[in-house]
Amino acid sequence: MCSSFTFPRPTTTTDDLENLYKVYGIDRSVVLDLAGAHETPETVREGYYGAYLSFFHSCGLIFPIPEPILEVLAELRLSLTQLLLNFLRHLVAFLVNAREEGLAFGLSEFRQFVLVKRNNQNPGTFLVSPRPGRHVIEEIPYRDEKWRDQFFVFKMDRASMGETRPPVSLSPGSEDETAAASRKRRWSSEGVLPGLSRPRFVSEGDGSSFLAQGDIISLAGRMRSACCHLPSLASLVERETYAKVVVASSKVMEAFNEYVVTMEDHVVASRNDKEIESIGFEIKRLSEELETTKREGKKDAEKIEALTDDWRRVHLENEALTSQMVAQRARIAVLEVERDRDVRLASRIARRDIVEKYREVLESLKGRWASKKKEVSAEICLQEVAANIDLLNEHKDGGLTVDAELARLKEMEGDCEGLVALAAVQDWSISELDLPQVSDDSTNQVGGLSVPDDSGSS
Numbered sequence: 002m003c004s005s006f007t008f009p010r011p012t013t014t015t016d017d018l019e020n021l022y023k024v025y026g027i028d029r030s031v032v033l034d035l036a037g038a039h040e041t042p043e044t045v046r047e048g049y050y051g052a053y054l055s056f057f058h059s060c061g062l063i064f065p066i067p068e069p070i071l072e073v074l075a076e077l078r079l080s081l082t083q084l085l086l087n088f089l090r091h092l093v094a095f096l097v098n099a100r101e102e103g104l105a106f107g108l109s110e111f112r113q114f115v116l117v118k119r120n121n122q123n124p125g126t127f128l129v130s131p132r133p134g135r136h137v138i139e140e141i142p143y144r145d146e147k148w149r150d151q152f153f154v155f156k157m158d159r160a161s162m163g164e165t166r167p168p169v170s171l172s173p174g175s176e177d178e179t180a181a182a183s184r185k186r187r188w189s190s191e192g193v194l195p196g197l198s199r200p201r202f203v204s205e206g207d208g209s210s211f212l213a214q215g216d217i218i219s220l221a222g223r224m225r226s227a228c229c230h231l232p233s234l235a236s237l238v239e240r241e242t243y244a245k246v247v248v249a250s251s252k253v254m255e256a257f258n259e260y261v262v263t264m265e266d267h268v269v270a271s272r273n274d275k276e277i278e279s280i281g282f283e284i285k286r287l288s289e290e291l292e293t294t295k296r297e298g299k300k301d302a303e304k305i306e307a308l309t310d311d312w313r314r315v316h317l318e319n320e321a322l323t324s325q326m327v328a329q330r331a332r333i334a335v336l337e338v339e340r341d342r343d344v345r346l347a348s349r350i351a352r353r354d355i356v357e358k359y360r361e362v363l364e365s366l367k368g369r370w371a372s373k374k375k376e377v378s379a380e381i382c383l384q385e386v387a388a389n390i391d392l393l394n395e396h397k398d399g400g401l402t403v404d405a406e407l408a409r410l411k412e413m414e415g416d417c418e419g420l421v422a423l424a425a426v427q428d429w430s431i432s433e434l435d436l437p438q439v440s441d442d443s444t445n446q447v448g449g450l451s452v453p454d455d456s457g458s459s
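Shown next, in the form of C-alpha cells:
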C-alpha cells in the first residue's frame with residue numbers, strides 16, 4: 002500500500018532518544034531506535050511502532066502506553082502516529098483526571114467532552130474540538146510547528162505496550178477486531194459482579210474453545226441472587242444440561258452486551274448528528290449574516306466607488322482649472338511684456354514726433370530770422386545810402402565841414418556799438434536752445450530708426 006501523505010525527513014538523533022531515557026524516566030527495557038532511511042509513520046519495520054518526541058515532551062505520554070489510550074485508538078481505527086498533539090494532550094488530561102476521580106473512561110466518555118468526526122475533505126484524518134464549556138487545558142498552542150520531523154520507532158513488547166494489543170490502522174469501512182473486542186470487554190466487565198475473576202478458556206475435543214463445566218456452574222452460582230439456590234445436580238446428564246443452559250444464558254448476555262454496544266454507538270452517532278445539525282444551523286445563520294455583511298459591504302463598496310469617482314472628477318477638474326490658471330498667468334505675463342513694449346514704443350514714437358515738431362518750428366524760426374536779418378541789413382544799407390546822400394547834399398551846399406562830421410560819426414559809432422552789445426542774440430542752433438530733454442535711447446533708437454543731431458547742421 003502506497004503512502005497517503007508526504008512525510009518530512011526525520012531529524013531525531015540518538016541524543017534525543019537518550020534524553021527520553023534520562024529526563025523523562027523511560028525504562029531501559031523499552032527499545033527505542035531511529036527511523037530507517039525508507040521508514041515513515043506508515044511504513045515501519047515489522048515488530049516496531051512509530052511515535053514522535055513531542056508526545057513525551059509536551060503531551061505527557063509514558064511507557065508502557067496506557068491501555069485506555071490504545072483502546073480509544075482501536076475504536077477510532079487510528080494509529081498512534083495519526084494523532085495530533087492537541088488530540089493526545091486532551092486524551093491524556095481526561096484519562097489522568099478520570100483516574101484521580103476513580104472513574105471509568107473510554108471513547109464514549111471522551112466524545113462527551115470533545116467532538117470527533119471524520120474529515121471528509123482530507124480522508125484518513127479526524128476533526129477534534131472541545132465542546133463548549135468543557136475545556137480542561139488552558140493556553141495550549143493552536144498549532145504546533147515542525148513536530149512531525151521528530152519521528153522515531155520503538156519495539157512492540159510488554160515493556161512498551163503492556164499486555165494490550167497495539168492498535169492497527171484500518172482503511173475506511175473495514176471493521177477493527179481490537180475495537181469490537183475492547184467494547185465487548187468493557188460491557189462484559191460492567192455486566193459481571195465485582196470481584197469476579199475472568200473465566201479460563203481450555204482446548205478440548207476438536208480444538209474449539211469453551212468453558213469447563215465446573216467453571217460455568219461456579220460462575221452461574223456466583224451470579225445468582227442470594228435467595229435463589231442452585232438445584233442439586235447429582236447425575237452427569239443434569240450437570241451437562243445445566244451447563245448448556247448456563248452457556249446459552251452467557252450467549253444471551255453476550256448478545257445483549259453487543260446490542261448495548263450497538264445502541265451506544267447509535268446514541269453517540271445520534272448525539273453527534275444533533276450537534277452536527279446544530280452546527281449546521283449555526284453555519285447557516287453565520288452564512289446568512291455573512292451574506293448580509295457582504296451585501297452591506299457591496300453597498301459600502303459602491304458608495305466608496307461613487308465617492309472615489311466624485312473625488313477623481315473633482316481632482317481632474319481641479320487639475321484642469323490649475324492648468325488654465327497657469328496658462329492665464331503665462332498669458333498675462335506675455336500681455337504685460339507686450340504692453341510694456343508697446344508703451345515704450347509708443348512713448349519713443351511720441352517723443353520722436355515731438356522732436357520732429359520742435360525741429361520743424363526751429364527750422365521755420367531760423368528761416369524767418371535769416372530773412373529778418375536780410376531785411377534789417379537792407380534797411381540799414383538803405384538808411385546808410387540815404388544818410389550818405391544827405392551828407393553829400395549838405396557838403397555840396399557848404400553847410401558841413403569834414404572835421405565836424407567826422408567827430409559826430411565817431412560819437413555815433415560808439416553809441417551804436419553799445420546798442421549792438423545790448424541787442425546781441427544767442428546762437429540759434431538746436432543744441433544751444435533750452436528745449437525738453439529727450440534721451441539718446443528715445444531719439445536715436447525708436448523702432449530701428451535714428452534721429453540725427455542737428456547741432457552740426459545748425
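Take 2 as the starting number for the sequence shown in our numbering and just add one per residue.
Note that the Cβ used here is the ideal one computed from N, Cα and C, for glycine as well.
Every value quoted in this text rests on a predicted model; they were computed, and no experiment measured them.
Residue i, enclosing alpha helix (DSSP H) - first and last residue
i	result
residue 56	55 to 58
residue 66	From DSSP, residue 66 is part of no alpha helix (DSSP H); its letter is neither H nor E.
residue 22	15 to 24
residue 411	403 to 423
residue 105	Unbroken run through residue 105: none, as it is neither H nor E.
Which residues DSSP lists as bridging residue i, in chain order
i	result
residue 155	33 and 50
residue 41	44
residue 130	116
Residue interval of the beta strand (DSSP E) (run including residue i)
i	result
residue 116	115 to 119
Anticipated Cβ contact below 8 angstroms, residue i with residue j, distance rounded
i	j	result
residue 74	residue 81	6 angstroms
residue 116	residue 276	6 angstroms
residue 160	residue 8	With 8 angstroms as the limit, residue 160 and residue 8 do not qualify as a contact, their Cβ atoms being about 26 angstroms apart.
residue 60	residue 96	The Cβ separation is near 11 angstroms, so there is no contact.
residue 89	residue 57	At roughly 10 angstroms, the Cβ-Cβ gap does not stay under 8 angstroms, so residue 89 and residue 57 are not in contact.
residue 11	residue 150	6 angstroms
residue 54	residue 17	6 angstroms
residue 118	residue 273	6 angstroms
residue 108	residue 77	7 angstroms
residue 392	residue 406	7 angstroms
Tell me whether the region 67 to 75 and the region 25 to 39 touch, counting them as touching only if at least three CB pairs, one residue from each stretch, are closer than 8 angstroms.
Cβ pair count under 8 angstroms is below three, so no.
Answer yes if the region 99 to 119 comes into contact with the region 42 to 61, meaning at least three C-beta pairs across the two stretches below 8 angstroms, and no otherwise.
Pairwise C-beta distances place the region 42 to 61 out of contact with the region 99 to 119, as fewer than three of them are shorter than 8 angstroms.
Using 8 angstroms as the Cβ pair cut-off and three pairs as the minimum, do the region 301 to 318 and the region 148 to 159 touch?
The region 301 to 318 vs the region 148 to 159: no contact.
Unbroken stretches of the alpha helix (DSSP H), 4 residues or longer, contained in the region 340 to 384
Runs of the alpha helix (DSSP H) lying entirely within the region 340 to 384, each at least 4 residues long, are absent.
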